[in-house]
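Written below as structure tokens is the structure these notes are about.
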Amino acid sequence: MVRPAWGDAHDVIIVGGGIGGLTLALELHRVGVPCRVFEAVPRVTQVGVGITVLPHASRVLAELGLMDQLLRYGLSMRDSVFYNRFGQFVYREPTGEYAGLAWPQLGIHRADLYEVLLAAVRERLGEDRVIFGARLVRADQDFGAAYAHFERVGGDGDSSASSFTEQGSVVIGCDGIHSTLRCQLHPNEGPPVYQGQNMWRGVTPWPPFLSGASMLRVGWYSSGKLTIYPCRDNVDGQGNQLLNWIAAVQTSRHVERDWGRQGRLEDFISMFEDWTFDFLDVPSVLRAADAILEFPMVDQEPVSQWTFGRLTLLGDAAHPMVPRGSNGAGQAIVDCRALATAMAEADDPVEALKMYEAERLPVTTKIVYKNRVEPPDVILQEVCTRSGDQPFDRLEDVISEAELKALSEGYKDLTGYSKRALA
Ligand SMILES: Cc1cc2nc3c(=O)[nH]c(=O)nc-3n(C[C@H](O)[C@H](O)[C@H](O)COP(=O)(O)OP(=O)(O)OC[C@H]3O[C@@H](n4cnc5c(N)ncnc54)[C@H](O)[C@@H]3O)c2cc1C
Numbered sequence: 016m017v018r019p020a021w022g023d024a025h026d027v028i029i030v031g032g033g034i035g036g037l038t039l040a041l042e043l044h045r046v047g048v049p050c051r052v053f054e055a056v057p058r059v060t061q062v063g064v065g066i067t068v069l070p071h072a073s074r075v076l077a078e079l080g081l082m083d084q085l086l087r088y089g090l091s092m093r094d095s096v097f098y099n100r101f102g103q104f105v106y107r108e109p110t111g112e113y114a115g116l117a118w119p120q121l122g123i124h125r126a127d128l129y130e131v132l133l134a135a136v137r138e139r140l141g142e143d144r145v146i147f148g149a150r151l152v153r154a155d156q157d158f159g160a161a162y163a164h165f166e167r168v169g170g171d172g173d174s175s176a177s178s179f180t181e182q183g184s185v186v187i188g189c190d191g192i193h194s195t196l197r198c199q200l201h202p203n204e205g206p207p208v209y210q211g212q213n214m215w216r217g218v219t220p221w222p223p224f225l226s227g228a229s230m231l232r233v234g235w236y237s238s239g240k241l242t243i244y245p246c247r248d249n250v251d252g253q254g255n256q257l258l259n260w261i262a263a264v265q266t267s268r269h270v271e272r273d274w275g276r277q278g279r280l281e282d283f284i285s286m287f288e289d290w291t292f293d294f295l296d297v298p299s300v301l302r303a304a305d306a307i308l309e310f311p312m313v314d315q316e317p318v319s320q321w322t323f324g325r326l327t328l329l330g331d332a333a334h335p336m337v338p339r340g341s342n343g344a345g346q347a348i349v350d351c352r353a354l355a356t357a358m359a360e361a362d363d364p365v366e367a368l369k370m371y372e373a374e375r376l377p378v379t380t381k382i383v384y385k386n387r388v389e390p391p392d393v394i395l396q397e398v399c400t401r402s403g404d405q406p407f408d409r410l411e412d413v414i415s416e417a418e419l420k421a422l423s424e425g426y427k428d429l430t431g432y433s434k435r436a437l438a
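Numbering (my numbering) for the sequence shown: 16 to 438.
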């Protein structure tokens, strides 16, 4: 679809070929808008562990025709289950398709999600539409076009002196938590806001636990909190799964944000040493991990503007949020649908970027704030506080089923994956 009002430069320039950038390329292709993706790393990397794709986002991926492939790698989660650190049951609710939704809640390894997206972009748009080793340095614009200035990144990760400029109708910064475009558009932004918890993440081959597709959350940060769910099924032909786990503790000590930073078991294992429940031996799972990554629980104060004429931000570059509600990938994917729809409907790309911002900025700002204080795991905070972080005799003396449900449903409504919101 080539519309004269868009000027000579029709391609949308997508900066960053992560989950948001690749999904955006597929979404734009779906509505007939040509684009190219420029990714800083020189080649495909397999850094990362598991990731959750909530139903509002899996809907977008399903409508792109990717769900069968994704389910070949990941799992449709059956339920979300909460326990206290003494192994006492707190709450369980079905998820995704098992909650009567049309779309699954996916537990998947990020590398698998990435590979499915990248293969689809190459197949549908063409091999030459994803350019690796191109790091955005800055972007600018004039009346008729936007320009992205890149430096080449070699195989060893070093930037070479060579640089080049690409022209497009717009430039979309999908360049993640360290976004160059965000820094350019908001040069006086403050540093990331540390929320007081540090996380260690890993994957461990292990037999299925609980329903075999349960997202389990246990404990609270003051005495250790664990999230664990399978992200690959039957990894060895003997029924073992790859369990993705996140162990988080309240501490003033934290590291810089880097998805690939190696962590050390001895920095957190003591908090989880006696967590041997009849359904899962947590310390053994943590000890058996292939590798451990460390990441701080940080976000950034929301900004009031993403779109500046022909330039805008998407995903983590637009709304970095603490990874507590499984919404990082989800909100990036939902952004892509909103932006592609706006690009398809507007006569003018500048108008399209404004429409996209008007739809997505207010809601994601609320999610950033909600994730700080009241994501789904706040259920466990309530139980921990009310029980004095001690075992309880009867759960109903601590918190009612109705209160638990209200906490969970409130988050789903705001973030857009409740039955009501998806309808
Ligand atoms: C290597 C890696 C591993 C991750 N692992 C996990 C994980 O295990 N679990 C989890 O929940 N989340 C993980 N994340 C984060 C998760 O993918 C995002 O929070 C979420 O999917 C939102 O996607 P996004 O596209 O906004 O950002 P991302 O998926 O982070 O993608 C941003 C992309 O932009 C590229 N980029 C950055 N700067 C530039 C530049 N100047 N020019 C061009 N390209 C640039 C990056 O290399 C990256 O590919 C990881 C991210 C990365 C980059």
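Glycine included, each C-beta is placed from N, C-alpha and C at the ideal position.
Expressed to the nearest angstrom, what Euclidean distance is found between the alpha-carbon atoms of residue 17 and residue 48? Residue placement at residue 17 is flagged as unreliable, the pLDDT there being 43, under the threshold of 50; the coordinate-derived value follows with that caveat. Each residue's Cα considered, the two are about 8 Å apart.
For residue 167, verify whether its CB is less than 7 Å away from any heavy atom of ligand 1. Between ligand 1 and residue 167, a heavy atom-to-CB distance of less than 7 Å is absent.
Pick out whichever of 299, 333, 395, 27 has its Cα sitting closest to the Cα of residue 156. 27
Do residue 147 and ligand 1 come close, with the Cβ less than 7 Å from some heavy atom? no
Specify whether the stretch 400–410 and the stretch 365–385 touch according to this definition: at least 3 beta carbon pairs, one from each stretch, less than 8 Å apart. no
Within 10 Å of its beta-carbon, does residue 267 have 16 or more other beta-carbons around it, so buried, or fewer, so exposed? exposed
Collapsed DSSP secondary structure at residue 183 in the structure displayed: strand
Check residue 85 in the structure and name its three-state DSSP category. helix
Should the stretch 187–197 be called in touch with the stretch 28–41, which here means at least 3 C-beta pairs below 8 Å? Yes, they touch.
Looking at the unbroken alpha helix (DSSP H) that takes in residue 189, where does it start and where does it end? No alpha helix (DSSP H) contains residue 189, which DSSP labels as neither H nor E.
Rounded C-alpha distance that separates residue 20 from residue 362: Residue placement at residue 20 is flagged as unreliable, the pLDDT there being 47, under the threshold of 50; the coordinate-derived value follows with that caveat. Roughly 7 Å between the two C-alpha positions.
Does the beta-carbon of residue 189, which I'm using as the reference point, lie nearer than 7 Å to any heavy atom of ligand 1? yes
Cβ distance (whole Å) where residue 322 is taken to contact residue 354 below 8 Å: Contact flag wrong, Cβ pair sits at about 10 Å.
At what residue ranges does the stretch 252–298 contain a whole run of the beta strand (DSSP E), taking only runs of 3 or more? 256–265, all fully within the stretch 252–298.
Taking Cβ to Cβ, would you say residue 198 is nearer than 8 Å to residue 122? no
Spell out the partners DSSP gives residue 50 in its beta bridges. 27
Please find out if some non-hydrogen atom of ligand 1 comes closer than 7 Å to the beta-carbon of residue 54. yes
Indicate whether residue 307 and residue 280 have their beta-carbon atoms separated by less than 8 Å. yes
Nonlocal neighbours in the same chain, by C-beta distance under 7 Å from residue 491, ignoring five residues either side: Residue 491 is absent from the model: the chain starts at 16 and stops at 438.
Sub-8 Å separation of residue 140 and residue 40 beta-carbons: yes
Can you name the start and end residues of the beta strand (DSSP E) that residue 133 belongs to? Unbroken run through residue 133 is the alpha helix (DSSP H), 125–140; no beta strand (DSSP E).
Have a look at residue 203 and residue 336 and give me their C-alpha separation to the nearest angstrom. Approximately 19 Å, taken between the alpha carbons.
How long is the line joining the alpha carbons of residue 379 and residue 232, rounded to whole angstroms? 24 Å
Tell me the DSSP secondary structure of residue 149 in three-state form. strand
Since residue 208 is in the beta strand (DSSP E), which residue starts that stretch and which ends it? That run of the beta strand (DSSP E) goes 208–221.
Is residue 290 near ligand 1, with its Cβ less than 7 Å from a heavy atom? no
In whole angstroms, what is the alpha-carbon distance linking residue 159 and residue 201? 23 Å
Is DSSP giving residue 40 helix, strand or coil here? In the three-state DSSP reduction, residue 40 falls in the helix class (H, G or I).
Just how far apart, CA to CA, sit residue 114 and residue 214? 29 Å
Would residue 250 and residue 257 be called neighbours here (beta carbons separated by less than 8 Å)? yes
Using 8 Å as the threshold, is the C-beta distance between residue 11 and residue 259 below it? Since the first residue of the chain shown is 16 and the last is 438, residue 11 is not available in this structure.
DSSP three-state assignment for residue 106, whether helix, strand or coil: strand
Could you tell me which residues DSSP pairs with residue 232 in its beta bridges? Beta-bridge pairing links residue 232 to 97, 242.
Report whether the distance from the Cβ of residue 195 to the nearest heavy atom of ligand 1 is below 7 Å. The answer is yes for residue 195.
Here's the rule I'm using: 16 or more other beta-carbon atoms within 10 Å means buried, otherwise exposed. How should residue 125 be labelled? So residue 125 counts as buried.
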